[in-house]
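Worksheet: the structure to be examined is printed underneath.
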Amino acid sequence: MITAETRYLLPTLVLLCNLVVAYARSWDLAVVIGNEIDFFARNSTLMGHANIGEAVSLTGVAYDDTTRMMYLSDVRNNVSIFSNNLTEKNFTSTPLLKKENGMHVIGIVFDTSLHTLFWVDALKETIAKMHVSQHGEPGDPVILHNLTGNNPRGVALDVCNSRIYWTNSNTTNPSIECSNLDGSDRRIVIQENLYEPLAVAIDHAEQKLYWIDDVEGIHFKIERSNLDGSERELLVHNKHQQPVYLAVDKESMYWSDWVHSAIWTMPKKAKVGDYPIQFKSYYNSKRDADPAGIVTRDNVGQIDCATILSTIEKRTNLSAAVLRSAVETFNNLTTSTEESDLTTESSKYCLNNGHLNKTDNTCRCKEGFVGPFCEISLCHNYCLRGKCIINHHGFPECECADTFSGVRCERDICNGYCLFDGECSVQNGRPVCSCKYSKGTRCEEPNDIVEICAFYCASARTELPNVTSCRCTDSNQTAERITLTKSFQDGTLLSIFVGLTILFLIMVGVLSYYVNKLRRRPRIKRHYVVSKGITPLTSRPQIPDNQCEITIENCCNMNICETPCFEPKLRSGVPRSNSMKKEEKNSLLDNMEGNSC
């Protein structure tokens, strides 16, 4: 018994719509996502929406159609379960239990007759219950089962038989169990051929048990059986989904998927090859959450258990009568030998050629079959892709077909191995690629990009499920690039490019020659005989000792000549006075005194 001081916190929320009359039967399916709830009709039309201000991350959902109360669990709030009355317009959330000691409630169910709430705590690994008073404080929580090491996940309630079912998702010992609502008569219902069962649901109308099995994160299965685990059937076998919560109604089954952030559905009477239908997608919505718990109105509403059980009993009696008739017919056809009598007697009770032990009236099953009547095959749904056999230890083994491998043929070694639409096959236990538009060990080197893009991007393929469309560059631009590449490879453009390069170098050489030639200017030289005296010489007589001859280049530019020099017509000189010219000449002569002159 858990005291009120240490009680868990289960937030129970009851959601309200704007019109009470409309909510009387305006929705068939409710889905929680984040801190919101969406109400849908069976045809996936959104009928209502509610935002729970007190909630943070809703997980489980349960509904009492008698009192119009909805209960919600929250894994990130300080309250784990809320309740609200849908008949009130301005509803407020009523907390039922506080969250303490790392509580993590992921699934809840509600029993209308006992007015009791049941939930699964994934962290504490327990199943607990609590009486919820319609008027007054809720009772103290009570631990129904301590499942340490079993990793409980999904939970469902069999209203007509007053039993509770749950899944143990520990991959080392997975199972589906059940017990009475007081915890007594605990049994294992399904144990063989399970990997990681995540969710469970009870179909009250058909008295069937449904569950989801996540197979190594790649494939998943949805199966069903009778409530005792017999007559097991595989309904859905698909991949690339992460189903978490499951619900059923009169016609269909629904599950929430965290890979596509969507709700999927499929008829309960689906045929082989039928594909799940996307009921609602939240992938592109602005909600930063994935859909979680689902509740269907038909499966939790007014359930006529008396009529349901009577129908099931009639159906069972009819099947038994047909079986007795078949056995009697078989008895009339068999011989009177002792072996034939033994086989006939065994056939009355034991299936799959099991042998009846008359001493204790039990069945001795053949290898590969178990159960009270040898009705369960160990090979049932064991091999995902391949043939199942029973080894000498009495355990199932798989002989994988095609490109599959693994203990249960669960791994496709060709999945994603060959690129660019190469065909994969297995040779000597290893994948080998046969390339169409490329080359290489894995067809990783494309030959023709235009052809590949045309093949993959000709259509968006949005009508096909689980197909990702590609995005290629414009085909015309790609074609131009490929043409240029081929031209370079053929040598045509390469020759043109080399010729242009040589022509350019010749032009650069010619221009360099003419530029250097034009930079060479003629140098003007004049010879003058001067003396150290004042009087300049205007002729060239015999040079005495006190005189010297100097050569002045461009004397006009130096402005030291007293006599006029030749000036180009296009050159404009700077006018200078005679005194300035004499000073410049004298300065030049003074600087020459130490020289050889």
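Residue numbers (mature numbering (1 follows the signal peptide of the UniProt record, and there is no 0)): -24 to -1, 1 to 573.
By construction, the Cβ of each residue, glycine as well, lies at the ideal position given by its N, Cα and C atoms.
{"Check": "Residues bridged to A223 [DSSP beta-bridge criterion]", "Outcome": "Y230"}
{"Check": "Residue from V7, V484, Y186, G330 with nearest C-alpha to M229", "Outcome": "Y186"}
{"Check": "Rounded distance between the beta-carbons of H216 and E386, thought under 8 Å", "Outcome": "The pair is not a contact, with the Cβ atoms about 13 Å apart (cut-off 8 Å)."}
{"Check": "Cα-Cα separation between V276 and C359, rounded to whole angstroms", "Outcome": "35 Å"}
{"Check": "Beta-carbon contacts of S381 that lie in its chain and below 7 Å, excluding the five residues immediately before and after", "Outcome": "R387, I389"}
{"Check": "Per-residue DSSP class, three states only, for D116", "Outcome": "coil"}
{"Check": "Where Q110 falls, given that 16 or more other Cβ within 10 Å makes a residue buried", "Outcome": "exposed"}
{"Check": "Separation of R406 from C394, as counted between CA atoms", "Outcome": "12 Å"}
{"Check": "For C411, the three-state DSSP class (helix, strand or coil)", "Outcome": "coil"}
{"Check": "Spatial distance of V271 from V220 (CA atoms)", "Outcome": "13 Å"}
{"Check": "Residue nearest to T147 in terms of C-alpha spacing, selected from G159, P173, D158", "Outcome": "P173"}
{"Check": "C-alpha gap between D274 and L5, whole angstroms", "Outcome": "9 Å"}
{"Check": "Sheet register partners of C154 (DSSP bridge)", "Outcome": "Y141, R163"}
{"Check": "C-alpha distance - L476 paired with T417, whole-angstrom precision", "Outcome": "41 Å"}
{"Check": "Separation of L72 from V108, as counted between CA atoms", "Outcome": "8 Å"}
{"Check": "Between the CA atoms of T102 and L354 - distance to the nearest angstrom", "Outcome": "30 Å"}
{"Check": "Touching by the beta-carbon criterion (3+ pairs, under 8 Å), the stretch 33 to 50 and the stretch 7 to 17", "Outcome": "yes"}
{"Check": "Buried or exposed by the 16-neighbour rule on C-beta atoms within 10 Å, applied to K245", "Outcome": "exposed"}
{"Check": "Through-space distance from H180 to S155, alpha-carbon basis", "Outcome": "17 Å"}
{"Check": "Where L318 falls: helix, strand or coil (DSSP)", "Outcome": "Annotation note: pLDDT 38 at L318 (below 50); position unreliable, no value reported."}
{"Check": "Between the CA atoms of H25 and T70 - distance to the nearest angstrom", "Outcome": "19 Å"}
{"Check": "Buried versus exposed, by CB contacts within 10 Å (16 or more), S59", "Outcome": "buried"}
{"Check": "Contact set for K105: own chain, Cβ-Cβ below 6 Å, skip 5 residues either direction", "Outcome": "T92, F94, V118, L120"}
{"Check": "Residue burial classification, I198 (beta-carbon count within 10 angstroms, cutoff 16)", "Outcome": "buried"}
{"Check": "Three-state class that DSSP yields for Y47 in the structure shown", "Outcome": "strand"}
{"Check": "Selection from V491, V191, N404, L481 that minimises the alpha carbon distance to R361", "Outcome": "V191"}
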